[in-house]
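Sequential numbering from 13 applies to the sequence shown in the working numbering. For reference, the structure is listed below as structure tokens.
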Amino acid sequence: MIEDQASSLRKMNQSRLIKVIAVTGGKGGVGKTNITLNTAISMAKQGKRVMVLDADLGLANVDVMLGLRVEKNLSHVLSGECTLDEVLVTGPHGIKIAPATSGTQSMAELSPTEHAGLIRAFSELRSPIDVLIVDTAAGISDMVLSFSKASQDIMVVVCDEPTSLTDAYALIKILNREHGVFRFKIVANMVRDIREGQELFSKLSKVTGRFLDVALELVATVPFDENIRRAVRKQTAIVDAFPGSPAAVAISQLATKAISWPVPSQPGGHLEFFIEQLVTRKTAGTLR
């Protein structure tokens with residue numbers, strides 16, 4: 013009976029389902045956070061209610077990149093001191109940011125139970141959102157894998173460095189073989205031109221096609237752009253500081269494309285499950 017009601021509510025509220033996107037890369041220094049923040053802000057400019065989850069729990073930098081003042085963070089949520097809503101800070105164009113901690117080893121080494129507790133905190137989220145973008149840590153830790161497999165879409169950011177491709181392949185391999193993830197969206201970042209981005213994607217595709225059962229899609233080629241550094245120094249997003257620059261245009265196009273990605277009607281991961289419960293509970297309360 014309850015399952016039938018939940019199924020009916022899902023069908024009635026397709027438009028309210030939340031899109032969950034993980035941005036990862038395997039290797040640090042490939043521009044994940046820049047891609048995350050600028051994509052989020054570009055989506056917000058198009059009228060979407062967007063939240064960014066800083067899932068680099070031990071080396072957080074999302075709030076720093078935007079010059080935001082943070083008083084509480086996800087460690088306070090885990091300790092039970094406050095709710096997820098109480099730690100949210102508002103960024104440019106109304107995006108919400110769930111900040112993590114910086115330089116805290118205990119947050120970087122959460123147990124599986126603590127991971128589940130953090131994800132479960134989303135069941136209490138009251139702030140209305142359309143899109144949740146998860147900025148993962150670098151590497152292939154349990155934390156990165158947990159957040160990636162809990163998302164509907166996984167964007168893997170790569171740049172033209174051998175270690176970037178090697179680490180991206182390692183991440184894709186583990187998610188595919190050990191966690192049953194088959195589809196990945198690739199962002200070629202800091203490339204000279206579209207052709208270089210396509211060549212980079214081709215290199216990765218050849219290796220994955222030979223050894224793995226996965227489907228890769230090149231969703232963006234973001235050119236190397238000095239304006240990114242200028243924007244970072246100003247603690248602003250490039251899509252705001254230099255909206256006509258090549259990188260800003262490419263990321264804005266990525267955001268438009270990501271908005272059109274379908275949202276599954278049924279959950280495919282832990283994070284989606286708790287968000288689905290949130291939507292179901294809110295709707296049920298409205299119907300009473």
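We put the beta carbon where it would ideally sit given N, CA and C, even for glycine. All figures in this text were calculated on a predicted structure; none of them were measured in a lab.
Can you find the residues in the same chain that come closer than 7 Å, C-beta to C-beta, to serine 54, ignoring five residues on each side of it along the sequence?
Val251, Ile263, Ser264 and Ala267
Using only the heavy atoms of the ligand COA, determine whether one of them is closer than 7 Å to the beta carbon of serine 54.
The ligand COA is not among the ligands present in this structure, which contains no ligands whatsoever.
Count the other C-beta atoms from every protein chain shown that fall within 10 angstroms of the C-beta of glycine 297, then say buried if there are 16 or more, exposed otherwise.
Any reading at glycine 297 must be qualified, since the residue scores a pLDDT of 44, below 50, and its modelled position is unreliable; the value itself is stated next. Burial call: exposed.
According to the neighbour-count rule (16 or more other Cβ atoms, all chains shown, within 10 Å of its Cβ), is aspartate 16 buried or exposed?
Confidence at aspartate 16 is low in this model, with a pLDDT of 38, below 50, so the placement of that residue is unreliable and no value is reported for it.
Inter-residue spacing [alpha-carbon to alpha-carbon] between serine 217 and lysine 185
12 Å
Beta-bridge pairing of threonine 36 - partner residues as DSSP gives them:
Val168
Boundaries (first-last residue) of the beta strand (DSSP E) holding phenylalanine 196
195 to 203
C-beta atoms of valine 226 and isoleucine 145 nearer than 8 Å:
no
Between which two residues does the beta strand (DSSP E) harbouring leucine 230 extend?
227 to 235
Compare the beta carbon distance of serine 110 and methionine 77 with 8 Å and say whether it is the shorter of the two.
The displayed chain sequence assigns alanine, not serine, to residue 110. Their beta carbons are not under 8 Å apart, which means alanine 110 does not touch methionine 77 by this criterion.
Output the distance between the C-alpha atoms of alanine 249 and asparagine 50, rounded to the nearest integer angstrom.
6 Å
Nearest-angstrom Cα distance between alanine 56 and isoleucine 107?
7 Å
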